[in-house]
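Each remark here refers to the structure printed beneath this line.
Number of protein chains: 2
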Amino acid sequence: MFNNILIIGCGLIGSSILRASLKKKISKNYYVFEKSQKFISVIKKINKNIKFLKSLDKNLNKMDLVILGTPMSAYSKFFSSLNKNLNHNSIITDVGSTKENLINLRKKKLSKNLDWVMSHPISGSEVSGPEHGSPNLFKNKWCIIIKDRNTLKQKKIERFWKKLGSKIIIMNSDDHDKIFSVTSHLPHLIAYNLIKTAQDFQKKKNKNLIKFSAGGLRDFSRIAASNEIMWRDIFFANKTNMIDAINVFAKNLNDFKKNISRKENSKLVKKLINSKVVRKQIISQKQDISKPDFGRE
Amino acid sequence: MFNNILIIGCGLIGSSILRASLKKKISKNYYVFEKSQKFISVIKKINKNIKFLKSLDKNLNKMDLVILGTPMSAYSKFFSSLNKNLNHNSIITDVGSTKENLINLRKKKLSKNLDWVMSHPISGSEVSGPEHGSPNLFKNKWCIIIKDRNTLKQKKIERFWKKLGSKIIIMNSDDHDKIFSVTSHLPHLIAYNLIKTAQDFQKKKNKNLIKFSAGGLRDFSRIAASNEIMWRDIFFANKTNMIDAINVFAKNLNDFKKNISRKENSKLVKKLINSKVVRKQIISQKQDISKPDFGRE
Numbered sequence: 003m004f005n006n007i008l009i010i011g012c013g014l015i016g017s018s019i020l021r022a023s024l025k026k027k028i029s030k031n032y033y034v035f036e037k038s039q040k041f042i043s044v045i046k047k048i049n050k051n052i053k054f055l056k057s058l059d060k061n062l063n064k065m066d067l068v069i070l071g072t073p074m075s076a077y078s079k080f081f082s083s084l085n086k087n088l089n090h091n092s093i094i095t096d097v098g099s100t101k102e103n104l105i106n107l108r109k110k111k112l113s114k115n116l117d118w119v120m121s122h123p124i125s126g127s128e129v130s131g132p133e134h135g136s137p138n139l140f141k142n143k144w145c146i147i148i149k150d151r152n153t154l155k156q157k158k159i160e161r162f163w164k165k166l167g168s169k170i171i172i173m174n175s176d177d178h179d180k181i182f183s184v185t186s187h188l189p190h191l192i193a194y195n196l197i198k199t200a201q202d203f204q205k206k207k208n209k210n211l212i213k214f215s216a217g218g219l220r221d222f223s224r225i226a227a228s229n230e231i232m233w234r235d236i237f238f239a240n241k242t243n244m245i246d247a248i249n250v251f252a253k254n255l256n257d258f259k260k261n262i263s264r265k266e267n268s269k270l271v272k273k274l275i276n277s278k279v280v281r282k283q284i285i286s287q288k289q290d291i292s293k294p295d296f297g298r299e
Numbered sequence: 003m004f005n006n007i008l009i010i011g012c013g014l015i016g017s018s019i020l021r022a023s024l025k026k027k028i029s030k031n032y033y034v035f036e037k038s039q040k041f042i043s044v045i046k047k048i049n050k051n052i053k054f055l056k057s058l059d060k061n062l063n064k065m066d067l068v069i070l071g072t073p074m075s076a077y078s079k080f081f082s083s084l085n086k087n088l089n090h091n092s093i094i095t096d097v098g099s100t101k102e103n104l105i106n107l108r109k110k111k112l113s114k115n116l117d118w119v120m121s122h123p124i125s126g127s128e129v130s131g132p133e134h135g136s137p138n139l140f141k142n143k144w145c146i147i148i149k150d151r152n153t154l155k156q157k158k159i160e161r162f163w164k165k166l167g168s169k170i171i172i173m174n175s176d177d178h179d180k181i182f183s184v185t186s187h188l189p190h191l192i193a194y195n196l197i198k199t200a201q202d203f204q205k206k207k208n209k210n211l212i213k214f215s216a217g218g219l220r221d222f223s224r225i226a227a228s229n230e231i232m233w234r235d236i237f238f239a240n241k242t243n244m245i246d247a248i249n250v251f252a253k254n255l256n257d258f259k260k261n262i263s264r265k266e267n268s269k270l271v272k273k274l275i276n277s278k279v280v281r282k283q284i285i286s287q288k289q290d291i292s293k294p295d296f297g298r299e
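As you go down the protein sequences, you meet chains L and S in turn. Take the first sequence: its position 138, counted from the start at 1, is 140 in the working numbering, and no numbers get skipped. Take the second sequence: its position 74, counted from the start at 1, is 76 in the working numbering, and no numbers get skipped.
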């Protein structure tokens with residue numbers, strides 16, 4: 003499919019792309035640009051033919067596909083090199099979790115002669131680093147591709163992710179950022195906020211809560227252990243949608259507080275029952291399994 | 003250990019007590035008082051010697067241990083029968099998730115000649131009903147026992163739960179309700195609230211969110227599918243602590259909103275990093291495992 007692929011930033015997602023691409027024989031050659039020596043030593047063990055770039059110079063000229071795999075806040079550093087050295091037939095893509103900010107970045111920083119087709123694979127975990135990567139990370143998971151002016155190159159990026167096992171959805175960047183503010187960014191912020199609240203309580207009351215976290219808190223702590231730089235970037239980049247989502251959440255929480263405070267039985271029970279509808283939809287749309295979870299052993 | 007055990011209300015927890023008690027041969031005879039015919043037909047299949055009571059009358063006189071396994075709001079219905087028919091050597095216990103309300107109920111409704119030692123096994127799931135019960139539900143899980151005036155009977159209840167596999171902690175009811183408001187009750191309310199927020203958004207914007215719930219929302223939907231009557235009872239019973247916890251949560255969320263809105267980098271990153279400390283404590287105290295979760299297949 004390609005002769006030369008370059009992955010810039012090879013952590014959990016980058017190394018999973020590398021592993022899946024090697025498995026599916028997507029390219030003749032694989033190049034990695036990675037600053038962390040620790041990461042490089044892990045990546046070397048994946049396959050002995052992976053080549054490591056020390057700088058983004060003339061060697062960029064041969065790349066067919068360049069994948070930005072760093073946290074989004076680092077993307078802007080690469081554009082002067084890309085603009086100078088990348089040839090016009092190549093494609094840039096990324097794996098960032100927000101898109102409106104990247105559309106702006108593209109407008110400001112990328113040469114008009116280059117094409118950046120945007121991707122967002124919906125996969126990941128609370129862990130980071132290439133040691134946790136897997137060739138199956140994208141298998142049967144959604145990958146969102148942002149509708150692009152260059153339809154040929156868009157199709158090529160679609161085929162790329164399909165070969166890695168993803169199911170493709172095309173969206174515009176505005177829809178993307180609105181949808182994921184609710185299904186992913188708000189839930190992460192809420193998990194962080196709940197852990198912060200438990201910490202405050204533990205400090206104030208001097209009681210050991212952690213010991214009893216199996217009753218619910220535990221599940222949130224997993225999500226709240228995700229990479230802080232990645233999530234800082236997402237919260238800032240999707241600021242407007244985040245604030246909208248936080249406002250709706252805060253209003254709903256205040257309503258729940260009133261229901262509890264006034265013991266409004268039927269209002270409260272109706273809302274609790276309604277949640278089960280969503281759970282059923284999530285299971286029927288195969289976003290989770292129905293098998294009950296009694297805690298992980 | 004006992005001659006006759008009676009379980010009133012035999013759903014997920016009640017039937018798990020029954021299964022574990024049978025396995026550990028804790029009693030000679032097992033009695034169940036259960037209204038649901040559907041539940042009864044499931045329970046009959048557990049063991050052919052289980053006896054079903056049609057009413058709580060003179061047959062109560064022979065019971066050594068009576069376990070309240072219904073949602074807490076139903077407890078008060080049983081006290082006139084218990085006061086009339088239970089003998090003074092027997093012990094009442096329960097599995098309710100809040101305790102201050104039960105202390106008040108005991109004061110008001112229970113005959114001074116009877117003893118109710120309170121228990122709270124920290125185990126359960128988003129599913130309900132005896133078909134999901136398991137003899138191993140309490141294995142290596144905490145069971146909180148509320149410090150009781152009758153120390154002999156308290157010791158007996160401790161031995162009972164130990165035999166079912168639980169690890170015992172003694173607390174007073176006030177500490178219990180404060181701790182679990184943060185580790186369990188607030189997380190459940192937050193999960194319900196997040197699902198409500200996603201529903202509102204879906205309705206307002208007419209976009210299919212559920213399809214993309216794997217990015218975080220999914221994990222909350224599981225908790226928010228828990229039994230609505232049980233959780234209504236808990237939220238109402240632990241009202242004061244719930245409102246305190248909601249207030250701290252809302253204040254913290256407002257701070258996060260400010261950090262995002264003003265792009266306060268170092269303040270935000272510091273809080274995100276702090277969450278990892280709690281995650282590490284949870285794992286080191288064996289309340290969860292460190293194995294990353296990439297979504298359930």
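Ideal Cβ positions, reconstructed from N, Cα and C, are used throughout, including at glycine. Bear in mind that the values here come from a model prediction, so they are computed numbers and not experimental data.
>> To be precise: take each residue of the region 150-167 of chain L, compare its Cβ to all Cβ atoms of chain S, and keep it if any distance is under 8 Å. Which residues remain?
In response: Residues: none.
> Nearest to H90 of chain L by alpha carbon, out of L:K155, L:D235, L:K206 and L:S263?
Replying inline: Here the question's residue 90 of chain L lines up with position 88 in the first sequence. Closest by alpha carbon: L:K155.
> Looking only at C-alpha atoms, which of L:I69, L:G16, L:I147 and L:I225 sits nearest to I48 of chain L?
Replying inline: Here residue 48 of chain L refers to the residue found at position 46 when the first sequence is read from its first residue. Measuring from the Cα of I48 of chain L, the nearest candidate turns out to be L:G16.
> Interface residues of chain S around R220 of chain L at Cβ under 7 Å?
Replying inline: Residue mapping note: residue 220 of chain L aligns to position 218 of the first sequence, counting from 1. By Cβ distance, chain S contributes I284, Q289 and D290.
> So L211 of chain S packs on P189 of chain L, CB below 8 Å; how close in whole Å?
Replying inline: By one-based count along the second sequence, residue 211 of chain S stands at place 209. By one-based count along the first sequence, residue 189 of chain L stands at place 187. Contact between L211 of chain S and P189 of chain L does not hold, since the beta-carbon distance rounds to 11 Å and is not under 8 Å.
> What whole-angstrom Cβ distance do I93 of chain L and D117 of chain L have, given they're in contact under 8 Å?
Replying inline: For the purposes of this step, residue 93 of chain L is identified with residue 91 of the first sequence, where counting begins at 1. For the purposes of this step, residue 117 of chain L is identified with residue 115 of the first sequence, where counting begins at 1. Confirmed, Cβ separation roughly 6 Å.
>> By the three-class DSSP mapping on this structure, what secondary structure does I248 of chain S have?
In response: Reading the second sequence from its first residue, position 246 is the one you call residue 248 of chain S. Note: I248 of chain S maps to helix in three-state DSSP.
> Between which two residues does the beta strand (DSSP E) harbouring N31 of chain L extend?
Replying inline: For this step, residue 31 of chain L is matched to residue 29 along the first sequence. From DSSP, the beta strand (DSSP E) with N31 of chain L extends over S29 to F35.
> Where does M3 of chain L fall in DSSP's three states?
Replying inline: Residue 3 of chain L sits at position 1 when you count from the first residue of the first sequence. For M3 of chain L, the three-state secondary structure derived from DSSP is coil.
> Once you ignore the five residues that flank R298 of chain S on each side, which residues in its own chain have a CB closer than 6 Å to its CB?
Replying inline: Within the second sequence, numbered from 1, the residue matching residue 298 of chain S stands at position 296. With a pLDDT of only 43 at R298 of chain S, under 50, the local geometry of the prediction cannot be trusted, and no value is derived from it.
> If you run the structure through DSSP and keep just helix, strand and coil, what is S18 of chain L?
Replying inline: On the first sequence, residue 18 of chain L is found 16 positions in, with the first residue counted as 1. Three-state DSSP puts S18 of chain L in a helix.
> What are the partner residues of S23 of chain S, as DSSP defines its beta bridges?
Replying inline: For the purposes of this step, residue 23 of chain S is taken as the residue at position 21 of the second sequence. Partner(s): none; S23 of chain S has no beta bridge.
> Taking the DSSP output, what are the residues bridged to D96 of chain L?
Replying inline: What you label residue 96 of chain L is simply residue 94 of the first sequence in a count that begins at 1. Note: D96 of chain L is bridge-paired with L:L70 in the DSSP secondary-structure output.
> Using a C-beta to C-beta distance shorter than 7 Å, which residues of chain L count as neighbours of E230 of chain S?
Replying inline: Numbered from 1 along the second sequence, position 228 holds the residue referred to as residue 230 of chain S. In chain order: V271, L274 and I275.
>> By alpha-carbon positions, which one of L:N63, L:V129, L:I172 and L:V250 ends up nearest to C145 of chain L?
In response: Counting from one through the first sequence, the residue named residue 145 of chain L turns up at place 143. Closest option to C145 of chain L, Cα to Cα, is L:I172.
>> For the region 101-120 of chain L, list every residue whose C-beta sits within 9 Å of some C-beta in chain S, in sequence order.
In response: Of all residues in the region 101-120 of chain L, none has a Cβ within less than 9 Å of some Cβ in chain S.
> Mind listing which residues of the region 201-217 of chain L have their C-beta closer than 9 Å to chain S's C-betas, in chain order?
Replying inline: Residues Q201, D202, F203, Q204, K206, K207, K209, N210, L211, I212, K213, F214, S215, A216 and G217.
> At which residues does the alpha helix (DSSP H) containing P132 of chain S begin and terminate?
Replying inline: Counting from one through the second sequence, the residue named residue 132 of chain S turns up at place 130. According to the DSSP assignment, P132 of chain S belongs to no alpha helix (DSSP H), since it is labelled neither H nor E.
> Within 8 Å (strictly less), CB to CB, does Y194 of chain S reach chain L?
Replying inline: On the second sequence, position 192 is the one that residue 194 of chain S refers to. Yes, Y194 of chain S lies at the interface with chain L (some Cβ there is under 8 Å from its Cβ).
>> Just list the residues that DSSP pairs W144 of chain S with in beta bridges.
In response: Locating residue 144 of chain S in the second sequence gives position 142, where the first residue counts as 1. Answer is S:K169.
> Between which two residues does the beta strand (DSSP E) harbouring S38 of chain S extend?
Replying inline: Locating residue 38 of chain S in the second sequence gives position 36, counting from the first residue. Counting along the chain, S38 of chain S sits inside no beta strand (DSSP E), nor does DSSP assign it H or E at all.
>> Residues of chain L with CB closer than 7 Å to the CB of M244 of chain S, please, in chain order.
In response: Numbered from 1 along the second sequence, position 242 holds the residue referred to as residue 244 of chain S. Chain L residues near M244 of chain S: I262.
> What whole-angstrom Cβ distance do S99 of chain L and F140 of chain L have, given they're in contact under 8 Å?
Replying inline: Position 97 of the first sequence, counting from 1, holds the residue named residue 99 of chain L. Position 138 of the first sequence, counting from 1, holds the residue named residue 140 of chain L. Their Cβ separation, rounded to whole angstroms, is 15 Å, which puts S99 of chain L and F140 of chain L out of contact at 8 Å.
>> Between S:S121, S:N6 and S:N208, which has its C-alpha nearest K157 of chain S's C-alpha?
In response: Walking along the second sequence from the start, residue 157 of chain S turns up at place 155. Measuring from the Cα of K157 of chain S, the nearest candidate turns out to be S:S121.
> Which same chain residues, not among the five before or five after R108 of chain S, have their C-beta less than 6 Å away from its C-beta?
Replying inline: Walking along the second sequence from the start, residue 108 of chain S turns up at place 106. Apart from sequence neighbours up to five positions away, the residues of its chain that approach R108 of chain S with a beta-carbon distance below 6 Å are W118, ordered along the chain.
> Exposed or buried, what is Q39 of chain S when buried is set at 16 or more other beta-carbons lying within 10 Å of its beta-carbon?
Replying inline: Against the second sequence, residue 39 of chain S aligns to sequence position 37. Q39 of chain S sits exposed, since fewer than 16 C-beta atoms from the chains shown fall within 10 Å of its C-beta.
> Start and end of the alpha helix (DSSP H) containing H190 of chain S?
Replying inline: The residue you call residue 190 of chain S lines up with position 188 of the second sequence. Membership of H190 of chain S in the alpha helix (DSSP H) is indicated by the continuous run L188 to K207.
> Is the distance from the Cβ of H187 of chain L to the Cβ of M232 of chain L below 8 Å?
Replying inline: Translated into the one-based positions of the first sequence, residue 187 of chain L becomes position 185. Translated into the one-based positions of the first sequence, residue 232 of chain L becomes position 230. Contact flag unset, no.
>> Against R21 of chain S, what residues of chain L qualify as contacts under a CB-to-CB distance less than 9 Å, listed in chain order?
In response: Walking along the second sequence from the start, residue 21 of chain S turns up at place 19. Against chain L, a Cβ distance below 9 Å from R21 of chain S picks out nothing, because the smallest value is about 14 Å.
> The beta strand (DSSP E) spanning H122 of chain S covers which residue range?
Replying inline: As a working note, residue 122 of chain S is residue 120 in the second sequence. For H122 of chain S, the enclosing beta strand (DSSP E) has its first and last residue at S121 to P123.
> For I7 of chain S, which residues of its own chain have a beta-carbon under 6 Å away from its beta-carbon, when the five flanking residues on both sides are left out?
Replying inline: The residue you call residue 7 of chain S lines up with position 5 of the second sequence. The beta carbon of I7 of chain S sits closer than 6 Å to those of S29, Y32 and L67, all from its chain and outside the five residues before and after it, given in chain order.
>> Going by beta-carbon coordinates alone, are P132 of chain L and L55 of chain L separated by less than 8 Å?
In response: For the purposes of this step, residue 132 of chain L is taken as the residue at position 130 of the first sequence. For the purposes of this step, residue 55 of chain L is taken as the residue at position 53 of the first sequence. In terms of Cβ geometry, P132 of chain L and L55 of chain L do not form a close pair [threshold 8 Å].
> According to DSSP, is I1 of chain L helix, strand or coil?
Replying inline: This structure cannot speak to residue 1 of chain L, because chain L is shown only from 3 to 299.
>> Pull the bridge partners of F54 of chain S from the DSSP assignment, please.
In response: Walking along the second sequence from the start, residue 54 of chain S turns up at place 52. When beta bridges are read from the DSSP output, F54 of chain S appears opposite S:V34.
> I think D179 of chain S touches E102 of chain S, with their Cβ atoms under 8 Å apart; what is that distance to the nearest whole Å?
Replying inline: By one-based count along the second sequence, residue 179 of chain S stands at place 177. By one-based count along the second sequence, residue 102 of chain S stands at place 100. 5 Å between Cβ atoms; contact.
>> So L274 of chain L and R234 of chain S are supposed to be a Cβ contact under 8 Å. How far apart are they, rounded?
In response: Within the first sequence, numbered from 1, the residue matching residue 274 of chain L stands at position 272. Within the second sequence, numbered from 1, the residue matching residue 234 of chain S stands at position 232. Going by Cβ atoms, the distance from L274 of chain L to R234 of chain S rounds to 6 Å, so yes, they are a contact pair.
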